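Numbering (the numbering used here), first residue to last: 41 to 458.
We put the beta carbon where it would ideally sit given N, CA and C, even for glycine.
Fair warning: this is a prediction, and the values are worked out from it, not measured in the lab.
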């Protein structure tokens with residue numbers, strides 16, 4: 041098992057193109073603003089280039105429901121027969137739920153303390169959608185809303201929570217039932233997921249164009265001061281990821297796996313570094329399995345189950361980022377989120393991270409789910425997207441590090457430690 045290499049120069053790879061798009065969008069936006077005193081139609085330019093960015097956002101929104109449904113159904117079904125997978129599957133799911141919840145709680149704590157959205161007041165550049173401030177639901181209403189009375193209608197309206205609920209039930213019963221017809225449905229769902237992932241990858245390849253357009257419009261509207269105002273947001277997400285990666289996960293490694301965090305991190309460092317450079321959990325999976333088995337001495341039976349599942353459903357860094365970004369956007373629009381709404385952010389980020397396939401910038405795709413769950417405008421993404429590429433690399437490496445810690449934890453509880 042070896043790491044796949046590419047002969048493409050950096051500027052033809054996605055991360056290089058996104059970097060070029062960020063710099064170009066910023067510089068073009070600054071240049072257009074400088075031409076404003078000479079009669080250049082800055083407003084028309086902003087609206088024109090922004091149309092391209094809006095089309096990119098609509099493409100992302102288009103794939104949300106099919107991606108969530110197929111990812112969750114196949115993810116739940118991949119656990120297999122509970123009687124055969126049993127103990128390992130349950131412990132793996134519990135570990136992933138625990139670490140993702142801890143990551144979100146770290147993010148929510150930091151974003152409430154440092155309130156980075158207050159530095160991003162966009163009242164003059166974006167309008168608050170009607171009814172946004174009245175998104176609060178009572179707890180009974182929330183659970184009633186989660187169970188769809190018409191799943192087709194919920195899908196058509198892009199109502200994500202009922203779709204998540206239905207997909208989990210569908211996956212559970214897909215595992216429970218047997219027979220050729222059920223097997224055929226399973227194969228259809230796996231095939232549909234492959235198609236949706238391919239479509240998602242195709243849309244993500246348009247990210248440099250969309251990011252250039254969105255950033256150029258925001259700089260034209262708000263000026264280069266936007267980047268400076270994003271520093272508190274960047275620092276909040278970055279601090280949360282660092283705390284989770286170098287405090288929370290090492291503590292779990294010591295307490296639950298009885299492993300030395302420094303030695304274990306050195307053993308799996310190539311996989312974590314690859315995740316940082318590629319911003320893709322799935323692309324890093326072969327190297328993650330190689331490091332876990334050969335360097336960290338994790339049994340193949342454990343790593344081959346825990347790591348592929350983790351690359352799909354365990355997204356600690358992504359969930360933390362989604363929670364911080366959602367509250368930052370709420371602060372930016374001046375919309376206070378009460379305790380229940382923040383709990384809804386936690387739950388939605390936890391569930392949405394399961395549907396965040398391990399592809400570059402998947403967190404940006406799933407961000408729409410969290411924003412819509414609490415009634416926040418997806419247009420707010422355009423304001424914070426300028427620093428998304430670096431954060432994408434950071435959260436992906438955190439995701440992979442958590443997966444690898446999980447293999448050590450599960451191996452220890454299965455009595456298979458070196």
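Neighbour-count burial assignment, residue i, 16 or more Cβ in a 10 Å radius
i	result
residue 170	Since pLDDT at residue 170 reaches only 43, below the 50 mark, its modelled position is unreliable, and the value read off the structure follows with that caveat. With fewer than 16 other Cβ atoms within 10 Å, it is exposed.
residue 91	exposed
residue 373	buried
residue 88	exposed
residue 183	exposed
residue 97	buried
residue 167	Here residue 167 scores only 41 on pLDDT, less than 50, and its place in the model should not be relied on; the value that follows carries that caveat. So residue 167 counts as exposed.
residue 202	buried
residue 432	buried
residue 102	exposed
residue 86	buried
residue 445	buried
residue 258	buried
residue 235	exposed
residue 129	buried
residue 48	exposed
residue 451	buried
residue 325	buried
residue 292	buried
residue 338	buried
residue 277	buried
residue 75	exposed
residue 351	buried
residue 17	The chain is shown only over 41 to 458; residue 17 falls outside these bounds and no answer can be derived.
residue 192	exposed
residue 455	exposed
residue 52	exposed
Nearest residue (CA-CA) to residue i, options the options
i	options	result
residue 376	155, 444, 113, 105	155
residue 24	316, 208, 455	Residue 24 lies beyond the range of the chain shown here (41 to 458); nothing can be said about it.
residue 414	159, 319, 199	199
residue 311	133, 75, 57, 439	439
residue 385	259, 455, 78, 148	148
residue 233	95, 105, 73	105
residue 251	100, 314, 355, 285	100
residue 334	356, 349, 307	307
residue 272	160, 444, 237, 419	160
residue 313	302, 328, 196, 303	328
residue 245	444, 61, 228	61
residue 361	380, 419, 302, 282	282
residue 239	65, 78, 305, 107	107
residue 303	331, 130, 186	331
residue 158	368, 254, 381	368
residue 420	73, 138, 93	93
residue 423	292, 382, 370	370
residue 237	84, 80, 322	322
residue 309	152, 191, 222, 443	443
residue 349	193, 189, 152, 131	131
residue 378	270, 152, 230, 454	152
residue 209	81, 298, 227, 186	186
residue 137	81, 127, 383, 356	356
residue 243	383, 95, 219	95
Proximity below 7 Å, CB of residue i to CB of residue j
i	j	result
residue 389	residue 363	yes
residue 67	residue 207	no
residue 279	residue 150	yes
residue 447	residue 342	yes
residue 63	residue 248	no
residue 115	residue 353	yes
residue 288	residue 387	no
residue 366	residue 295	no
residue 284	residue 133	no
residue 144	residue 391	no
residue 135	residue 449	yes
residue 140	residue 393	yes
residue 72	residue 260	yes
residue 254	residue 408	no
residue 256	residue 69	yes
residue 214	residue 319	no
residue 188	residue 196	no
- prompt: Along the chain, which unbroken stretches of the alpha helix (DSSP H) at least 4 residues long are found entirely within the region 328-362?
  reply: 340-353
- request: Please specify which runs of the alpha helix (DSSP H), each continuous and at least 4 residues long, are wholly inside the region 268-333, giving them in chain order.
  value: 289-297, 301-318, 321-330
task: Please specify which runs of the alpha helix (DSSP H), each continuous and at least 4 residues long, are wholly inside the region 50-124, giving them in chain order.
output: 54-75, 82-117
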